[in-house]
Structure formats: C-alpha cells, structure tokens
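In this text, residue positions in the sequence shown follow the numbering used here: the first is 670, and each later residue adds one.
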Amino acid sequence: MNRKTNQGIELNPQKDLLPVLGLDGKDVTKHFFLDFLSETCRCLPEAILSYELTVYPAESGCRLGWHDEFVSSPRLDNLTSVLASLLALVGADEADGLNVVALFDNEEVGSHTKQGADSAVLSRILGRIYHAFELTDDDLSADLAKGFMLSVDVAHAIHPNVPEKCDITNQPQMGRGVALKIASSQSYAGDAEAVAVLKGLCRKADIPYQIFMNRSDLPGGSTLGSLLSANLPIRTMDIGIPITAMHSCRELMGAADQDALTDLITAFFSHS
C-alpha cells in the first residue's frame, strides 16, 4: 500500500517489474521452466543449451473512441512503421533504382549490436547486392550520394491533458497525418531540402502531413535516422505516426494515420 502513489512513483526494475507466473507453487521445481520449454519444443531438457526470455503484453490491439477513430495496442512503436514500409515496398509502382526496407533490432537499447543500426550490416548488405549485379563500390557510393532514405519511427502527439509538453507552434495531433520530424540538434535526420521533398510528395499525392519539433527546453528521444545517414552516408528524413503513451504497455494512435503513412512511403518508393 502506498498512499502517495498519485504524487508520483519511481519504479525499481529489479523489484517492481518481476512477473507473477501463478498462484500454485506445487509444480515449481528447480528446473520447472526448462521442463516446460522441453515439453513445448518436444525435446529432452538436456538438449536445450541456452534460451532467452522476453515478457511482453499478449493482448490484441483494438479500435476505440467515439467513432472508432483510435487504435490502442502494444508495440505501436514501432510496428506501425514496419507494417507501412512492407506494404509500401510490395505495393509501389515500378521505378528506376533500388528500393530497400531495413528493419533493425535493439533500437531501444542503443543499436550497438551486430544486428543493430549502429553496425556495418546495412552497408555490407548493400555492397553485396551491388556486387551481385556486377556493380562497383564507386557505383554504390554514387547512388548513395544521390539517394534518399526515410527513417520511420513514431512521434509524440500532443496530449490534451498536458499540452505544455509540446512546442507552442508545432503540435502534431493524432488523426491529422504523418509527422515530419525536425530537430536542430539532428536527433532527427533532415534539413530544409529533405522537408521540401517530403512536403512535395505529400501534396502531389494528397497525403495529410504535419510538422513535429520538440520543445527547445524538453528534448525527446532520437531515432536511427541520423545514425544511418552518417554511416552510409545518405540524405535522410525522419517521419512517423503521432502517438500518445509512447513506450507504455498499450500506446494510442489515430487509425487514419496508418493509411497516410503507408500512402506516403508507397509514393516515396514509386518516385524515380
């Protein structure tokens, strides 16, 4: 019991985030979980040398709101971007050049892994693709210099209960389209040229968009955009769907924004 919970509480990850498995402890032996894994995998317990365990919400997402205009779901950050990017890749008109969707692991813990964005994995994959087409490293460098990349990750939408968390002139709203994310600190990738390109695509395809900047005295998180843009290097723009309750067990977004994001990336891939 904590009568001061409403005054704010600091959670201890070691103590407060331990999962509760059940009530009956009779089946809990020293190796009960290994026995469970072996039964699930249909193998002997001694055949399991190691494993990783991740706990996450298993409930499905749902529509809610007066007109079902919201989607509430775990992991909107960043499965909204994954879905939109893959649908756009297969749905785009054929265009000159090479369209690539790169999906990275470990973004929320720094990306400093062999499969993270702060590695050589993307540049090496691109190099192997070019070599398979009998193209050179110079060809790849030239195409990267004239290429364009979208860094697609969610943005912070304005919350009606705490509007002061947003910049006074840039307040992305759920259901009002894709957020073009700008930061003078380059925590988001992009510049005036990149913004102009994205605005042009949106206007040409009649796709709703809005501008997002953090408050100058309240920095937000960063994305993979600047990291990849520098490592490749390639011109890059950060975009994403505005959501609230980011990083919560269930996040909230405007349902119409998913279609807008898919349409924008599709137009991007279709543009020569």
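Just so you know, even glycine gets a beta-carbon here, dropped at the ideal spot from N, CA and C.
In this text, all values refer to a predicted model and were calculated from it rather than measured experimentally.
DSSP, read as helix, strand or coil, puts Ser741 in strand.
Comparing C-alpha distances from Trp735 to each of Leu901, Gly923, Ile908 and Phe817 shows the shortest one belongs to Gly923.
Thr838 and Phe802 have their C-alpha atoms roughly 48 Å apart.
Looking only at Lys684, Asp806 and Leu933, the smallest Cα-Cα distance to Ala874 is reached by Leu933. Here Leu772 carries a coil assignment [DSSP, helix/strand/coil]. Nearest C-alpha to His940 among Asn768, Ile794 and Leu680: Asn768. Burial is judged here by how many other beta carbons sit within 10 angstroms of a residue's own beta carbon; Ala771 has fewer than 16 and is exposed. Counting only residues of its own chain and dropping the five nearest sequence neighbours on each side, Ser885 has a CB closer than 8 Å to the CB of Asp836. A contact is defined here as three or more CB-CB pairs under 8 Å, and the region 742–750 meets this definition with respect to the region 724–733. For Ser820, the uninterrupted beta strand (DSSP E) segment begins and ends at Phe817 to Val821. Rounded to the nearest angstrom, the Cβ distance from Val823 to Thr935 is 19 Å, too far for a contact under 8 Å. Counting C-beta pairs with one atom in each stretch, the region 855–870 and the region 910–921 have fewer than three that are closer than 8 Å, which means they do not touch. A check of alpha carbon separations from Gln927 across Asn671, Leu755, Leu722 and Glu715 identifies Leu755 as the nearest. When secondary structure is reduced to three states using DSSP, His916 falls in the coil class, being assigned neither helix nor strand. For Cys871, the enclosing alpha helix (DSSP H) has its first and last residue at Ala861 to Ala874.
As summarised for the region 880–931, the continuous beta strand (DSSP E) elements at least 3 residues long and confined to that stretch are 904–909, 911–913 and 920–923, given in chain order. When rounded, the separation of the alpha-carbon atoms in Cys710 and Glu738 is 41 Å.
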